[in-house]
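Per this note's numbering: the sequence shown = residues 16 to 187.
All residues carry an ideal CB built from backbone N, CA and C; glycine is no exception.
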Amino acid sequence: VLLGGLGVLAVLLVVALWWLSQPGTPTASGLDDTRVAILPFEVRGGEDLAHWREDMVEVLHLAIQGSDEVISIDPNALLSYTSEDPLASTDPARGEAVARHFGAGWYVLGTVTRVGEHLSVIPRLYREGTEPLDIEPVVVEGERSLLSAADILAQRLVGVILSRPGVRLPGL
């Protein structure tokens with residue numbers, strides 16, 4: 016009887032560990048590890064690029080929506096929520112608070128920087144209470160190429176979130 020009880024307990028433990036490791040499972044803090052909040056990007060290099068502060072939220076959201084396994088927080092809700100807090104896009108603690116508000120286990124802070132004719136897009140992916148994870152930046156030539164940069168970045172972000180580098184998503 017004792018061995019049977021230990022066997023049942025071991026099976027329950029294995030099932031619980033498996034369930035907790037599944038995508039979409041709430042973390043210990045109640046956040047969903049398949050939800051990501053893309054915060055407004057910091058933009059450097061000229062007023063003509065200022066619209067990319069919010070546009071990167073939109074295009075990354077659309078690109079990530081190509082994944083069936085990762086959910087990007089609605090950009091309209093997120094932009095409305097952060098509109099009164101300009102530091103939400105640069106301060107990891109504020110970014111974490113925004114992500115927590117939306118139940119997201121992950122959040123992205125980033126920059127778009129113009130250097131000559133090139134634009135560099137550097138995302139920083141965070142999980143609650145952690146240092147940023149390295150996501151390779153994308154450098155493109157001109158604003159028109161920022162959509163393709165968003166596709167590349169979305170694939171990299173989703174790959175890290177799902178622990179599957181090289182994942183492919185449909186493009187914008």
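Under the three-state DSSP convention, the category residue i falls into
i, result
"Glu132", "coil"
"Ala65", "coil"
"Glu151", "coil"
"Gly39", "For Gly39, the predicted structure reports a pLDDT of 45, less than 50, and the residue's modelled location is therefore unreliable. The matter cannot be settled from this model."
"Leu177", "coil"
Residue environment, residue i, which counts as buried when at least 16 other CB atoms sit within 10 Å
i, result
"Val130", "exposed"
"Ser36", "With a pLDDT of only 45 at Ser36, under the threshold of 50, the placement of this residue in the model should not be trusted, and no figure is reported."
"Ala103", "buried"
"Thr49", "buried"
"Ser98", "exposed"
"Ala112", "exposed"
"Ala165", "buried"
"Val51", "buried"
For residue i: DSSP bridge partner residues
i, result
"Ala164", "Paired residues: none, contrary to the question."
"Pro55", "Looking at the DSSP assignment, Pro55 forms no beta bridge with any residue, so it has no partner."
"Glu156", "His133"
"Asp48", "Asp48 is not bridged to any residue."
"Asp140", "For clarity, residue 140 is Leu in the given sequence; the question names Asp instead. Partner(s): Val123 and Leu148."
Distance between beta carbons of residue j and residue i, contact taken as under 8 Å
i, j, result
"Leu140", "Leu134", "Not a contact, Cβ separation roughly 19 Å."
Alpha helix (DSSP H) runs contained entirely in the region 77-129, provided each spans 4 or more residues: 90-97 and 107-116
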